[in-house]
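Residue numbers (my numbering): 1 to 343.
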């Protein structure tokens with residue numbers, strides 16, 4: 001949700017800057033881009049502005065994909081995590097109250113024991129006095145034991161509640177990182193995985209290949225068979241990719257019919273072979289409509305691959321090269337695999 005609360009005069013001036021920039025750089029005039037460029041010219045987020053400056057100086061320039069990443073990095077609000085933070089804070093406050101009650105009861109018991117100790121030091125105590133003091137000490141000890149039992153039970157319940165909350169949070173976080181339709185990682189998960197892969201490459205010298213793939217002529221397919229069948233084909237495509245997924249592979253749905261694979265510790269040739277195997281599996285499949293048993297026309301996919309160049313790559317640059325290779329595969333007739341070396 002994009003909220004702008006500046007005065008009309010300020011907003012008009014900023015939108016004039018945006019209009020000029022969009023015309024000069026051929027920026028796609030979609031709401032997300034308007035929002036990001038408004039924030040850029042407004043200048044309230046120095047870190048965001050600094051990264052935008054660097055992007056605009058780069059020869060690759062700004063794109064919709066970069067815009068989506070910037071929005072996720074700087075402006076998207078994770079409301080789920082916020083709600084869990086509130087629940088955890090309520091639980092912590094409850095624990096603090098219980099600890100205070102327990103501590104007050106211990107203070108009371110401590111004073112009772114001190115009183116009994118002081119009385120035992122008195123002179124001229126008779127047997128009845130000692131018996132009464134002993135009874136008081138036993139009562140205090142029993143009360144202390146009951147207080148400790150109650151406190152332990154309360155802490156056990158809190159511990160169980162924290163564990164339950166943790167499991168719920170993990171489940172929701174997993175769900176928030178998963179594409180609902182295909183059950184592979186979503187764009188948010190992809191951004192996180194790319195950041196991690198780039199950090200590992202920088203720290204440990206590891207490499208990876210990035211594969212971008214999408215289903216050829218998917219819009220025509222949707223127009224012919226309808227979106228429900230289109231969704232089934234997307235699920236099938238994801239299932240094919242996951243079928244022989246290696247331990248070094250991560251799979252994501254980037255959007256629409258486009259999927260991304262991160263292949264760690266994989267050479268360009270190995271990534272090419274993996275993509276070629278997937279291409280053959282998809283194109284050789286014979287899918288039929290459930291109700292009519294009508295055979296669906298052949299499904300094909302195109303693939304673009306880029307290999308990390310550790311000294312110069314960032315997330316945007318390796319994506320751009322893989323995307324360029326995919327575009328080349330489309331231009332050459334689709335249903336093929338193109339690496340950055342083949343362009």
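We treat Cβ as the ideally placed atom computed from N, Cα and C, and that holds for glycine.
The model shown is predicted, which means the values in this text are computed figures rather than measured ones.
A straight line joining the alpha-carbon of residue 294 with that of residue 288 spans about 5 Å.
Ranking 308, 186, 262 and 245 by CA distance to the CA of residue 277 puts 245 first.
For residue 329, the enclosing alpha helix (DSSP H) covers residues 315 to 331. Annotation for residue 203: the continuous alpha helix (DSSP H) segment containing it runs 187 to 204.
Under the 10 Å beta carbon count, residue 251 is surrounded by 16 or more other beta carbons and is classified as buried. Looking only at 156, 272 and 58, the smallest Cα-Cα distance to residue 314 is reached by 58. Counted as a single uninterrupted DSSP element, the beta strand (DSSP E) harbouring residue 303 occupies residues 301 to 307.
In this structure, residue 316 sits away from residue 162, with a CB-CB distance that is not shorter than 8 Å.
The closest CA to that of residue 266, considering only 185, 331, 210 and 325, is found on 210.
With 16 or more other Cβ atoms inside 10 Å of its own Cβ, residue 40 counts as buried. Between residue 285 and residue 337, the beta carbon gap of about 17 Å keeps them out of contact (Cβ cut-off 8 Å). For residue 260, there is no enclosing alpha helix (DSSP H); the enclosing beta strand (DSSP E) has its first and last residue at 258 to 264.
Between the alpha carbons of residue 24 and residue 73 lies a distance of about 26 Å.
Of all alpha-carbon atoms in 331, 17, 255 and 215, the one lying nearest the alpha-carbon of residue 181 is that of 255. With contacts defined by Cβ atoms closer than 8 Å, residue 268 and residue 341 form a contacting pair. The beta carbons of residue 185 and residue 196 sit no closer together than 8 Å. The C-alpha of residue 297 is placed about 12 Å away from the C-alpha of residue 282. Excluding five sequence positions before and after residue 18, the CB atoms of its chain that fall closer than 8 Å to its own CB belong to 34, 37, 38 and 41, given in chain order.
In the DSSP annotation of this structure, the continuous segment of the beta strand (DSSP E) that includes residue 255 starts and ends at 249 to 255. Note on geometry: alpha-carbon atoms of residue 107 and residue 166 lie some 34 Å from one another.
By a beta-carbon distance limit of 8 Å, residue 143 does not contact residue 111. Their separation comes to about 12 Å. With contacts defined by Cβ atoms closer than 8 Å, residue 215 and residue 326 do not form a contacting pair.
For residue 330, the CB contacts under 7 Å within the same chain, skipping 5 residues up- and downstream, are 302 in chain order. The shortest CA-to-CA distance from residue 193 to any of 261, 310 and 94 is the one to 261. Leaving aside the five residues that flank residue 21 on each side, the residues in its chain whose CB is nearer than 7 Å to its CB run, in chain order, 27 and 37. Shown here for residue 95: same chain residues with a beta carbon closer than 7 Å to its own, the five before and five after excluded, namely 158 in chain order.
In this structure, residue 120 sits near residue 133, with a CB-CB distance shorter than 8 Å.
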